[in-house]
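S.K.:
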Amino acid sequence: MEHSIAIERVVNIPTNRKRGEHLLVKAVVLSCVDPGFKEPFKALMRHLEFRSADFDHLGWAGGAKGLVDPGAPLLKQISTLVKLHHVPEVILMTHSDCGAYGYPKFPDENQEHEFYANELRRAGGELMKFLSEENLAPKVSAYHLDFVGAVRIF
């Protein structure tokens, strides 16, 4: 028995790429999905002079935490994007008061930044090791978003 599918176009949205053409992007950006940090995320991307078409954005609960969780499914995803889009940089992010980290509380800003810097270094190390095994070597950088702005970690 044959089934036909009725297709109803609901909106026309032209794209700037042609069929079969692969995009080249400046970075893969891994950040948390917390909606409270969308505006700081956008502000950091503007500061780094990235338009939305300039990067592949991966949203994951905990952001960079996904690179060190058991099984680390994001490692292969990032590797695939680096290969497909010839990505020269991967940007990792964390943010204050993150639920994926258990909403950690800190006595002061320095201890908070130290905690997340260590987490980002650990995630960055895992990512660089994995990418090296795949013969890939993009630049890896990391930022922590807090309630005031963004802090560059590496």
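Using the working numbering, you'd call the opening residue of the sequence shown number 4 and step up by one each time. Beta carbons are placed, not taken as given, at the ideal position from N, Cα and C, and that holds for glycine. This one's a predicted model, so the numbers in the text were calculated from it and none came from an experiment.
Please report the residue range of the alpha helix (DSSP H) in which residue 34 lies.
M.R.: Here residue 34 belongs to no alpha helix (DSSP H); instead the beta strand (DSSP E) covers 30-34.
S.K.: Please work out which residues of its chain come closer than 7 Å, Cβ to Cβ, to residue 137, disregarding the five sequence neighbours upstream and downstream, and give them in chain order.
M.R.: 82
S.K.: Look at the alpha carbon of residue 30 and the alpha carbon of residue 110, and state the distance between them as a whole number of angstroms.
M.R.: Near 34 Å, if we compare the C-alpha coordinates of residue 110 and residue 30.
S.K.: Within the stretch 66-137, note down every full beta strand (DSSP E) run reaching 3 residues or more, in order along the chain.
M.R.: 92-98
S.K.: For residue 57, does the three-state DSSP call read helix, strand or coil?
M.R.: helix
S.K.: Are there three or more Cβ pairs, one per stretch, closer than 8 Å when the stretch 83-91 is compared with the stretch 21-38?
M.R.: yes
S.K.: Does the Cβ-Cβ distance between residue 99 and residue 117 come in under 8 Å?
M.R.: no
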